[in-house]
Amino acid sequence: MTTLNQQALDYHEFPRPGKISVESSKPCATAQDLSLAYTPGVAEPVREIAKNPENAYRYTNKGNLVAVITDGTAILGLGNLGPLASKPVMEGKGILFKRFANIDVFDIEVNAPSIESFIETVVNISPTFGGINLEDIAAPHCFVIEKALKERLDIPVFHDDQHGTAVIICAGLLNALEIQGKKLEDVKLVCLGAGAAGLAGMRLLISMGAKMENMLLVDSKGVIHTGRSDLNIYKQEFARDTPLRTLTDAMNGADVFIGVSGSNLVSQKMIKSMAPRPVVFAMANPDPEILPSEAHAARDDLIMATGRSDFPNQVNNVLGFPFIFRGALDARAKQITEKMLIAAVKALAELAREPVPEEVLKAYNAKEMAFGRDYILPKPFDPRLIERIPPAVAKAAE
Numbered sequence: 000m001t002t003l004n005q006q007a008l009d010y011h012e013f014p015r016p017g018k019i020s021v022e023s024s025k026p027c028a029t030a031q032d033l034s035l036a037y038t039p040g041v042a043e044p045v046r047e048i049a050k051n052p053e054n055a056y057r058y059t060n061k062g063n064l065v066a067v068i069t070d071g072t073a074i075l076g077l078g079n080l081g082p083l084a085s086k087p088v089m090e091g092k093g094i095l096f097k098r099f100a101n102i103d104v105f106d107i108e109v110n111a112p113s114i115e116s117f118i119e120t121v122v123n124i125s126p127t128f129g130g131i132n133l134e135d136i137a138a139p140h141c142f143v144i145e146k147a148l149k150e151r152l153d154i155p156v157f158h159d160d161q162h163g164t165a166v167i168i169c170a171g172l173l174n175a176l177e178i179q180g181k182k183l184e185d186v187k188l189v190c191l192g193a194g195a196a197g198l199a200g201m202r203l204l205i206s207m208g209a210k211m212e213n214m215l216l217v218d219s220k221g222v223i224h225t226g227r228s229d230l231n232i233y234k235q236e237f238a239r240d241t242p243l244r245t246l247t248d249a250m251n252g253a254d255v256f257i258g259v260s261g262s263n264l265v266s267q268k269m270i271k272s273m274a275p276r277p278v279v280f281a282m283a284n285p286d287p288e289i290l291p292s293e294a295h296a297a298r299d300d301l302i303m304a305t306g307r308s309d310f311p312n313q314v315n316n317v318l319g320f321p322f323i324f325r326g327a328l329d330a331r332a333k334q335i336t337e338k339m340l341i342a343a344v345k346a347l348a349e350l351a352r353e354p355v356p357e358e359v360l361k362a363y364n365a366k367e368m369a370f371g372r373d374y375i376l377p378k379p380f381d382p383r384l385i386e387r388i389p390p391a392v393a394k395a396a397e
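Laid out in structure tokens, this is it:
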């Protein structure tokens with residue numbers, strides 16, 4: 000076992016197992032405290048909430064509590080390992096919510112025998128929460144689950160693997176294209192991976208001006224085209240009438256590559272075949288579709304991003320979901336809309352173009368950072384994120 004692997008296991012086991020805990024937000028040290036925290040005092044907020052359910056936001060933590068919930072069918076890049084195996088990831092999500100947006104989280108791992116039972120479980124527990132963050136749920140049933148919950152609940156429902164990823168992709172791509180001197184509505188784009196992240200990312204890009212006729216989606220069986228009979232309804236939306244069949248075919252002349260698939264699927268030859276000044280987002284984790292060193296060796300005019308923190312231009316959902324939820328909770332929004340997502344995209348993209356504060360440089364042990372080929376997105380520890388993204392999202396919710 001490598002040193003890093005053992006460090007990760009030790010981090011999760013010691014000094015106490017797991018990564019999150021529940022702490023009291025009110026004193027409970029005296030008999031008087033106890034009489035207020037529990038019986039008889041607790042009866043008063045109970046009565047007030049029974050009179051008006053909105054009072055739950057005054058007297059309980061509902062307004063700042065999010066459920067991070069999964070069935071464990073698509074854990075990271077590890078696949079369907081079941082709900083219990085997903086718990087470290089869900090706890091990790093809870094840490095990020097708290098650290099970056101001061102949002103409390105209960106992680107909930109559901110052993111659901113069917114899509115319907117998962118939906119019913121979430122609906123039945125929803126009164127506890129101010130929002131629902133769906134996580135690590137495989138496509139295509141993640142689309143069915145999200146749609147059903149949005150229709151049935153009056154609190155925000157957000158599938159981070161879809162819309163969180165989409166927001167960061169769009170923000171990074173807007174800035175990369177600006178640097179490369181290209182426009183979103185003109186670029187020829189290839190997306191490798193037609194699951195939750197890929198489809199949601201393409202839909203959001205289209206909402207922001209990209210043209211569907213300029214997009215080619217590629218899954219494990221090749222280009223998604225109208226001649227295929229194996230496409231689900233979500234992939235059919237992006238089927239093109241084209242003679243192109245392989246990723247190699249699709250990459251030829253492309254301005255943009257978005258990878259949300261698996262490791263080492265893109266060759267240097269493919270990178271060389273792309274249009275001048277290309278943008279390559281290879282976001283498979285832990286190993287990208289092509290390593291930055293290989294892509295840069297193939298050509299020197301590209302902008303490269305990955306999902307990893309040890310390379311420049313990390314496309315990381317932590318730039319999105321804590322702040323999107325903070326804005327939604329602050330606005331008491333009943334759902335997270337496309338308008339709110341676009342507001343987050345624009346706020347993120349604009350922040351990356353501003354001078355980087357000294358405290359961010361210190362956090363990353365860097366002498367300088369400036370908007371350009373190696374800095375197209377803000378860093379997760381940038382304190383301005385909490386100041387900019389939530390207000391933009393909350394305003395869009397009005």
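Using numbering that gives the first Met the number 0, you'd call the opening residue of the sequence shown number 0 and step up by one each time. Beta carbons are placed, not taken as given, at the ideal position from N, Cα and C, and that holds for glycine.
Exposure of residue i, with buried meaning 16 or more beta-carbon neighbours within 10 Å
i: A365; result: exposed
i: P379; result: buried
i: F13; result: exposed
i: N79; result: exposed
i: T305; result: buried
i: S85; result: buried
i: T38; result: exposed
i: V355; result: buried
i: C27; result: exposed
i: Q313; result: buried
i: G180; result: exposed
i: P126; result: exposed
i: T29; result: exposed
i: A175; result: buried
i: T2; result: exposed
i: L347; result: buried
i: D185; result: exposed
i: P398; result: Given that the chain is displayed from residue 0 to residue 397, the structure contains no residue 398 and the question cannot be resolved.
i: G71; result: buried
i: N4; result: exposed
i: A49; result: exposed
i: K220; result: exposed
Boundaries (first-last residue) of the beta strand (DSSP E) holding residue i
i: G440; result: Here the chain comprises residues numbered 0 to 397, so residue 440 is not present and cannot be evaluated.
i: H158; result: 156-158
Start and end residues, alpha helix (DSSP H) containing residue i
i: D32; result: 30-36
i: C141; result: 140-151
i: C169; result: 164-179
i: G326; result: 320-329
i: E397; result: Segment: none, E397 is in no alpha helix (DSSP H) and carries neither H nor E.
i: D9; result: 2-12
Of the residues the options, the one placed nearest residue i, counting alpha carbons only
i: Q267; options: D299, P242, L243, A238; result: D299
i: I102; options: F324, I375, K361; result: F324
i: I94; options: S219, K345, I19, P14; result: I19
i: E337; options: G129, C169, S125; result: C169
i: N60; options: E43, L75, S23, T69; result: S23
i: K92; options: L176, K25, I68, P311; result: I68
i: Q161; options: K220, R307, A193; result: A193
i: A283; options: L204, T29, I48, L75; result: L75
i: A111; options: F105, F99, H140; result: H140
i: A138; options: T247, S260, E184; result: S260
i: I107; options: L35, G130, S228, V186; result: G130
i: I341; options: L376, I205, G71; result: I205
i: H11; options: P44, V88, V189; result: V88
i: D373; options: P52, N316, S308, G326; result: S308
i: V104; options: K187, G171, L133; result: L133
i: E349; options: Y56, F370, K50; result: F370
i: Y363; options: E293, I136, P311; result: P311
i: R98; options: L384, A391, V392; result: L384
i: A396; options: E386, G319, G326, E358; result: G326
i: Q359; options: F237, R276, F256, P377; result: Looking at the sequence itself, residue 359 is Val, so the reference to Gln does not match. Ranking F237, R276, F256, P377 by Cα distance to V359 puts P377 first.
i: N316; options: D135, E53, L83; result: D135
i: I144; options: S113, F128, A391, V392; result: S113
i: G171; options: V279, A195, M211; result: V279
**Q.** Ranges of the beta strand (DSSP E) found wholly within the region 41-120, counting only runs of at least 3
**A.** 64-69, 103-108
Q) Taking contact to mean at least 3 C-beta pairs separated by less than 8 angstroms, is the region 160-174 in contact with the region 194-201? A) yes
Q.
Going residue by residue through the region 261-291, where are the continuous beta strand (DSSP E) segments of at least 3 residues, counting only ones entirely within it?
A. 278-281
(Q) Can you confirm whether the region 143-163 touches the region 105-122 when touching is taken to mean that 3 or more C-beta pairs between the two stretches lie within less than 8 angstroms? (A) yes
Q) Of all the alpha helix (DSSP H) runs that stay within the bounds of the region 186-213, which reach a length of 4 or more residues? A) 195-206
Q) Any contact of the region 202-216 with the region 143-152, i.e. 3+ C-beta pairs under 8 angstroms? A) no
Q: Just list the alpha helix (DSSP H) runs in the region 290-376, keeping only unbroken ones of 4 residues or longer that don't cross its boundaries, in chain order.
A: 291-297, 320-329, 337-351, 357-362
Q: Output the residue ranges of the beta strand (DSSP E) runs that lie fully inside the region 232-260 and measure 3 residues or longer, sorted by chain position.
A: 255-258
Q. Are there three or more Cβ pairs, one per stretch, closer than 8 angstroms when the region 250-260 is compared with the region 229-236?
A. no
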